[in-house]
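Quick notes on the structure that follows.
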Amino acid sequence: MFMPMIPYHDGPPDSTFEPLSQNIADYDWALGMYFLYSVAPTIRGYELYDNEDTKNVVIKWTTIYKKHRDILISDIIHVRRPDNQFIDCIMHANPSLSEKGFIAVFNPLSSTVNTTLEISLYYTGLSDKAYLSHEDGPYVPVTLSHAYLLSLDVSMQPRTITYYLVTDSN
């Protein structure tokens, strides 16, 4: 993975993020994808932030990654193939951890999306019930179908990223 902050070779100017403060939405999107996919990009540039807003973007994603590092470096399951035609969804799963699953949902569209995702929690080791937290909020109990399926209602604004944590207790 490659994250060009500044022009690299003969790449077009719109392929870079600098000045970061003028491209904060794209920068936020890129960092969110890299961190939640648990991919370490090669960052080519002179600085990670150029003002308080871009610094807060870096702090947001590094804080989430550090807090959930164990599950984020676990196996990854593509719930919905990324095609830029609808939302994309992945889940990291590890039945040996207290956080059994980490579901990341990406809306690359320029429109709001309201949908229900059917997510198999089979690889989390959970079968009947689970506890779900939206963006580190309080855990709520959810019942799984006979096929380990979690029905997850999502409502996402354009070009946003959200995540859910799955565990076996609150």
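Going left to right, the sequence shown walks through residues 1 to 170 as this note's numbering numbers them.
Note that beta-carbon positions come from the ideal geometry of N, C-alpha and C, so glycine has one too.
The structure presented is a predicted model; accordingly, all values stated were derived computationally and were not measured.
The DSSP assignment places 52-67 as complete runs of the alpha helix (DSSP H) inside the stretch 30-68, in order along the chain (cut-off: 4 residues).
The count of Cβ pairs closer than 8 Å, one atom from the stretch 73-92 and one from the stretch 47-61, stays below three, leaving the stretches out of contact.
Between aspartate 153 and tyrosine 123 a beta carbon distance of about 22 Å is seen, past the 8 Å cut, so the two are scored as non-contacting. Distance from the CA atom of serine 151 to the CA atom of leucine 97, rounded to whole angstroms, is 22 Å. Under the DSSP assignment, tyrosine 163 falls in the beta strand (DSSP E) whose first and last residues are 160-167. According to DSSP, glutamate 18 shares a beta bridge with no other residue. Among the bridge pairs identified by DSSP, histidine 134 is matched with Tyr164. Look at aspartate 26 here: in three-state DSSP terms it is helix.
Collapsing the DSSP output to three states places aspartate 83 in coil.
Burial check for phenylalanine 35: the Cβ neighbour count within 10 Å reaches 16 or more, so the residue is buried. If you draw a 10 Å sphere on the C-beta of asparagine 94, you find 16 or more other C-beta atoms in it, and that means buried. Sequence-distant partners of proline 108 (beyond 5 residues in either direction) whose C-beta falls short of 6 Å from its own C-beta, in its chain, are Asn84. In the three-state DSSP reduction, aspartate 128 falls in the coil class, being neither helix nor strand. Asparagine 170 and glycine 137 have their C-alpha atoms spaced approximately 11 Å apart.
Out of Asp168, Pro19 and His146, the CA that lies nearest to the CA of glutamate 118 is found in His146. Pairing valine 166 with histidine 92, the inter-Cα distance amounts to about 10 Å.
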